[in-house]
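Just so we're aligned: the sequence shown equals residues 1 to 308 in UniProt numbering.
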Amino acid sequence: MKLVSVIIPAYNAEKTIARCLQSVINASYQNLEVIVVDDGSTDKTASICQNYAEKDRRIKVICQSNLGVVEARKLALYYSTGEYISFVDSDDTMSVKMIEKLTEAMELKYVDIAVCGYEVVWDDHLERAQYEKEVTLGNTYDILDAYINGGVRGFLWNKLYKRELFEDMQWPENMDICEDLYSNAWIVSKHPDLKVTILPESYYQYYMYESSATHNIEKLISPSGEWKYLTAHRLIEELFIGDPQITRMLKISEAVLIQYGIQMLSGGHDFSETKRALKRASLKFLFIMLKSEKSIREKIKWIYDCFL
1 MKLVSVIIPA
11 YNAEKTIARC
21 LQSVINASYQ
31 NLEVIVVDDG
41 STDKTASICQ
51 NYAEKDRRIK
61 VICQSNLGVV
71 EARKLALYYS
81 TGEYISFVDS
91 DDTMSVKMIE
101 KLTEAMELKY
111 VDIAVCGYEV
121 VWDDHLERAQ
131 YEKEVTLGNT
141 YDILDAYING
151 GVRGFLWNKL
161 YKRELFEDMQ
171 WPENMDICED
181 LYSNAWIVSK
191 HPDLKVTILP
201 ESYYQYYMYE
211 SSATHNIEKL
221 ISPSGEWKYL
231 TAHRLIEELF
241 IGDPQITRML
251 KISEAVLIQY
261 GIQMLSGGHD
271 FSETKRALKR
281 ASLKFLFIML
291 KSEKSIREKI
301 KWIYDCFL
């Protein structure tokens, strides 16, 4: 059995880290090393992790000053020794069979990354994001399309990776939105022979809170007033300069992000200048949206949101 390194960045996660760690150590695949990086927490996160480490030798706890999730993952990778790498967020959980099934897919399909669906856990309901059937992708466009437009998305945490994919990794700097997608896009851009298997089952639980970054508008706008999703997306586009097919897909995705920003900023928040900037930016995408494979209904909705 190959050793799997499970990497968990944690910052002020005292309310959720025990639930997270318990789900990992309960995994049916037992040949694990669990590396928790406490990112300068000011609560009881570190002590909770240390208590778990004293009971389970597979758990290693590393402490650093508050440098952010990207630096925490980099540090954990440096100390990891597994042939396969998995990531878990400190407020989420994995199903008992997740590592077992992803490892099995890696071995049987001879792929570089195995992916599973996930459940979005809200306070009062559950949503599933998954594929209808198992599929193996070996084309750069198809893999990136699955990460951006498909049900599995470009998160780090619902995937199992071969360790060598992170060699010479160019991690995103000063990015606190879409850093997972950028990291996955970088891997895709640097490994043209990459093969990815996507399993239809949901083996990861992503807990959603109204206070999370994706639901806190202030965190989505830079001090200069720019919509952070666009900043991140344009950095991803730079990875694929020279590929017109992928560039077109990313431009359509950027147009949808502009629409999303306009919708979010239409709720009476005091970000009128950012909203006006997004509306101006949408003009550049009118033609490409009209020529896209989006449905007539989607195109009309995009025009209505962006121009009316």
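Just so you know, even glycine gets a beta-carbon here, dropped at the ideal spot from N, CA and C.
Whether residue i touches residue j by CB criterion (9 Å)
i           : j           : result
residue 89  : residue 66  : no
residue 43  : residue 14  : yes
residue 249 : residue 141 : yes
residue 4   : residue 31  : yes
residue 23  : residue 106 : no
residue 112 : residue 191 : yes
residue 349 : residue 91  : Examination of residue 349 is not possible in this model, given that the chain is present from 1 through 308 alone.
residue 10  : residue 41  : yes
residue 115 : residue 158 : yes
residue 62  : residue 52  : no
Residue span of the beta strand (DSSP E) that contains residue i, given as start and end
i           : result
residue 294 : Where residue 294 is concerned, there is no enclosing beta strand (DSSP E), given that its DSSP letter is neither H nor E.
residue 136 : 135-137
Bridge partner(s) assigned by DSSP for residue i
i           : result
residue 63  : 38
residue 33  : 5
residue 221 : 227
residue 202 : 117
residue 10  : 38
residue 315 : The requested residue 315 does not occur in the structure, where the chain is confined to residues 1 to 308.
residue 207 : 121
residue 84  : 4, 162
Cβ neighbour criterion (16 or more within 10 Å) applied to residue i
i           : result
residue 233 : buried
residue 309 : Residue numbering for the chain in the displayed model covers 1 to 308; residue 309 lies beyond these limits and cannot be assessed.
residue 213 : With a pLDDT of only 45 at residue 213, under the threshold of 50, the placement of this residue in the model should not be trusted; the figure read from the coordinates follows. With fewer than 16 other Cβ atoms within 10 Å, it is exposed.
residue 122 : exposed
residue 117 : buried
residue 198 : buried
residue 179 : buried
residue 296 : exposed
residue 101 : buried
residue 307 : exposed
residue 287 : exposed
residue 78  : exposed
residue 312 : Because the chain in this structure spans residues 1 to 308, residue 312 falls outside the shown range and cannot be described.
Boundaries (first-last residue) of the alpha helix (DSSP H) holding residue i
i           : result
residue 78  : 69-79
residue 250 : 244-264
residue 25  : 17-25
residue 276 : 272-282
residue 52  : 45-55
Minimum length 3: unbroken beta strand (DSSP E) runs contained in the segment 88-133: When DSSP assignments are scanned along the segment 88-133, the uninterrupted stretches of beta strand (DSSP E) that are 3 or more residues long and fall wholly within it turn out to be 113-121, 126-129.
In the segment 147-192, which residue ranges form an unbroken beta strand (DSSP E) of at least 3 residues, counting only runs that do not cross its ends? The beta strand (DSSP E) runs of length 3 or more contained entirely in the segment 147-192 are, from start to end of the chain, 159-162.
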